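Here is the structure we will look at.
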């Protein structure tokens with residue numbers, strides 16, 4: 092069983108971080124994992140994406156054309172990656188910044204206002220965690236508790252950031268369980 | 002040590018430390034900058050030495066000096082930087098110095114790009130610099146394998162008194178995968194009695210590659226050749242995948258490209274198309290015999306590379322015209338998906354052979 | 005009988021290949037004497053250049069590394085960083101240090117590598133047979149500036165001691181000459197001071213030696229020493245340019 096997800100957005104939205112947290116969580120649960128970043132000359136403000144593969148077999152290609160999951164935090168990412176998503180895959184759309192509908196009818200699309208929910212939690216910067224929570228909730232690819240542990244170690248020592256990010260993750264997780272398939 | 006999720010570049014740096022290499026001289030260049038970044042943080046913690054050189058030219062000559070003094074040392078760079086190191090690599094091969102050089106390959110020629118490529122195969126396997134010499138070249142395809150080969154590289158360098166290159170594409174350098182540094186047995190290696198480390202109680206040692214007398218230089222070249230013959234006899238490394246059952250076609254690919262091909266093979270398996278894979282791990286010495294034997298079991302061979310076709314030369318040498326050898330490659334930082342390779346495989350299989 | 009003069013222990017008995025009247029041999033001997041005086045023979049690593057002194061490793065009986073052209077300061081950096089307990093010096097000519105190796109010398113000095121550099125400036129390329137060097141004087145004739153060095157196209161000769169002493173990092177930088185007994189005695193004092201700074205782990209040290217090249221200057225040895233005195237010293241003033249105690253002094 093192998094599951095791939097591409098996470099994409101602006102540079103600075105914390106895309107790489109949520110990819111890493113998912114990869115760490117997968118590793119903690121005994122899965123084979125790979126995390127592959129896009130890398131380019133721009134350090135901030137450009138497009139950023141990463142591919143995370145979780146599998147119970149050694150991973151072949153870390154390069155994935157058509158993933159099972161897609162988490163998009165901005166519009167250009169939706170336009171670029173949605174067409175290749177696998178049939179019956181999962182698509183998480185950040186409704187706060189993307190004002191169009193999914194171009195795909197053969198996938199499970201979940202609309203989550205990530206930035207707005209993150210603001211409710213205390214900072215818009217945690218929009219990435221809301222999106223990650225939503226993806227985990229919908230896919231059940233790893234346990235919520237495992238991800239909590241990873242957030243604790245990523246923000247080691249900063250209790251405020253830990254609780255804030257955990258809250259954002261949980262909100263995304265819970266929302267994805269409810270029907271969010273229409274705008 | 003527990004499993005840790007690490008970028009390939011960081012794993013290479015940590016592996017060097019685990020191998021007892023506490024000296025690094027380097028220069029930043031994408032996509033390997035995480036190697037110097039990691040070591041600039043990590044080496045001081047373990048009592049090691051990190052120096053940011055003024056150029057790759059200087060970095061490669063610093064490792065020349067450090068290795069000549071009998072100290073384990075390595076450097077890391079990416080394609081354009083390796084070209085600048087060509088001079089020192091030649092001197093180090095000529096002076097028989099054990100060093101490890103990492104090349105996280107990016108697209109070329111010239112300044113090229115910064116995305117993954119395998120277009121330095123010719124440069125790496127044909128000696129890198131001027132003169133009659135060889136560099137042992139190892140090509141990992143996972144982050145764990147990168148760490149394992151890196152540790153082994155230091156032993157090989159010491160054993161043969163020769164530069165060893167770890168060659169990976171940008172994906173190997175940038176990707177994160179779990180790595181485990183296992184406890185390993187220390188290998189028995191020859192003492193470095195040749196080192197320039199102060200002539201205490203012995204005659205002075207001279208580290209040089211200058212032989213103005215042609216008779217002596219020829220003798221030196223014959224000596225080196227014998228060493229390379231030993232390397233070719235003892236150090237061929239490769240992996241065969243999906244070759245237990247009969248297969249219609251053999252793919253030959255290395256590094257990240259081999260992994261992508263493994264997924265292609267799995268996808269075609271679902272359609273009852275059987276493909277074998279031979280993955281050279283040592284690019285020098287090249288596993289000619291293993292490739293030839295694997296090729297003989299197939300009707301045809303496909304070489305897949307992140308280049309316009311470089312390793313294909315060695316595959317043709319291995320196959321010796323006994324099977325048709327096809328090529329598929331992407332270049333400049335473009336990386337084919339498993340599906341793309343599947344399409345190519347189907348196209349070849351549909352052709353009349 | 006009492007021996008009052010003998011070969012330094014740090015020198016081998018190999019006869020040098022240097023031309024008559026060339027002062028490389030004298031400079032080698034100064035190094036040999038000082039390695040003896042500081043008792044460094046068993047902990048020294050020398051780095052040889054590409055140039056006339058390429059075979060220096062045959063003449064000094066200490067561990068030696070032959071560097072690629074210009075790269076000696078980088079090689080020495082590698083040795084010293086790997087084995088800080090060793091005494092490490094480079095021996096470089098003007099083409100090696102001031103032309104192809106300009107990057108390496110400036111950065112080794114700027115990092116404050118605790119090495120000693122013996123820089124021999126004879127205003128010409130010796131080994132390749134008399135071509136223009138970065139230190140060739142204005143109007144000086146060489147095989148690649150047969151009309152004399154034209155400063156409009158080749159620029160002015162580079163004063164390395166002055167250039168290196170402008171760096172902020174602590175160092176000991178001096179220029180001496182090897183053309184007369186008086187100068188040789190003075191040169192030894194200065195080189196001794198430089199080696200001493202390395203022995204005490206103090207700073208980067210460089211001593212520039214003005215040197216003769218009768219063969220490629222096309223002069224008999226005695227005339228060559230006169231030419232050095234009349235032409236080189238006015239352009240390349242002797243003295244100590246920088247010390248770790250006083251900073252830039254000249």
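Residue numbers (our numbering), protein chains in the order written: chain A, 92 to 274; chain B, 2 to 354; chain C, 5 to 254.
For each residue, glycine too, the CB sits at the ideal point set by N, CA and C.
All figures in this text were calculated on a predicted structure; none of them were measured in a lab.
- In this structure, residue 141 of chain B keeps its C-beta atom at 8 Å or more from the C-beta atom of residue 261 of chain B.
- Residues of chain A whose Cβ lies closer than 8 Å to the Cβ of residue 260 of chain B are, in chain order, 150, 151, 152, 153.
- The C-beta of residue 110 of chain B has fewer than 16 other C-beta atoms within 10 Å across all chains shown, which makes the residue exposed.
- By the rule that beta-carbons nearer than 8 Å mark a contact, residue 71 of chain C touches chain B.
- Counting only runs that start and end inside the segment 53–127 of chain C, the beta strand (DSSP E) elements of at least 3 residues fall at 67–70, 91–97, 120–125.
- Contact with chain B is absent for residue 141 of chain C, since none of that chain's Cβ atoms lies less than 8 Å from the residue's Cβ.
- Counted as a single uninterrupted DSSP element, the beta strand (DSSP E) harbouring residue 242 of chain B occupies residues 239–242.
- Boundaries of the beta strand (DSSP E) around residue 141 of chain A: 138–146.
- Residue environment for residue 247 of chain A: exposed (fewer than 16 other C-beta atoms within 10 angstroms of its C-beta).
- Using beta-carbon distances, residue 111 of chain C counts as an interface residue toward chain B, with a partner under 8 Å.
- When secondary structure is reduced to three states using DSSP, residue 230 of chain C falls in the helix class.
- With a threshold of 8 Å between beta carbons, residue 175 of chain B makes contact with chain A.
- Across the set B/145, B/34, B/123, the C-alpha of B/123 shows the shortest separation from the C-alpha of residue 135 of chain B.
- For residue 64 of chain B, at least one C-beta of chain C is nearer than 8 Å to its own C-beta.
- Non-local C-beta neighbours of residue 62 of chain B in its own chain, meaning closer than 7 Å and more than five positions away in sequence, comprise 89, ordered along the chain.
- Taking CB atoms only, residue 60 of chain C has no neighbour in chain B less than 8 Å away.
- Non-local C-beta neighbours of residue 259 of chain B in its own chain, meaning closer than 7 Å and more than five positions away in sequence, comprise 142, 278, 280, ordered along the chain.
- Cβ-Cβ distances below 8 Å link residue 141 of chain C to 127, 153, 161, 235, 236, 239 in the same chain, with the five nearest sequence neighbours on each side left out; the list follows chain order.
- Only those residues of the segment 206–233 of chain B whose C-beta falls short of 8 Å from the nearest C-beta of chain C are listed: 206, 207, 208, 209, 210, 211.
- Residue 175 of chain C counts as buried, since no fewer than 16 other beta carbons sit within 10 angstroms of its beta carbon.
- Interface criterion not met: the Cβ of residue 245 of chain B is under 8 Å from no Cβ in chain A.
- Residue 146 of chain A has a beta carbon lying at 8 Å or more from every beta carbon in chain B.
- Shortest Cα-Cα distance from residue 20 of chain B to any of B/153, B/35, B/64, B/9 involves B/153.
- Restricting attention to B/295, B/268, B/264, the CA atom closest to the CA of residue 251 of chain B is found in B/295.
- One thing to note: residue 158 of chain A has its Cβ within 8 Å of the Cβ of residue 176 of chain A.
- The three-state reading of DSSP puts residue 214 of chain C in strand, counting E and B together.
- For residue 41 of chain C, the nearest beta carbon of chain B is not closer than 8 Å to its own beta carbon.
- Under DSSP, the beta-bridge partners assigned to residue 169 of chain B are B/105.
- The segment 136–146 of chain A makes no contact with the segment 191–208 of chain A, as fewer than three CB pairs between them are under 8 Å.
- Look at residue 100 of chain A here: in three-state DSSP terms it is strand.
- Spanning the alpha carbons of residue 26 of chain B and residue 230 of chain B requires a straight line of approximately 30 Å.
- Sixteen is the threshold: since fewer than 16 other Cβ atoms of the shown chains lie within 10 Å of the Cβ of residue 190 of chain B, the residue is exposed.
- Comparing alpha carbon positions, the residue from C/58, C/203, C/121, C/191 closest to residue 34 of chain C is C/191.
- Between residue 217 of chain A and residue 259 of chain A, the gap from beta carbon to beta carbon is short of 8 Å.
- When Cβ-Cβ separations below 8 Å define contact, residue 178 of chain B makes contact with chain A.
- In the structure shown, residue 126 of chain A adopts extended strand secondary structure according to DSSP, grouped into three states.
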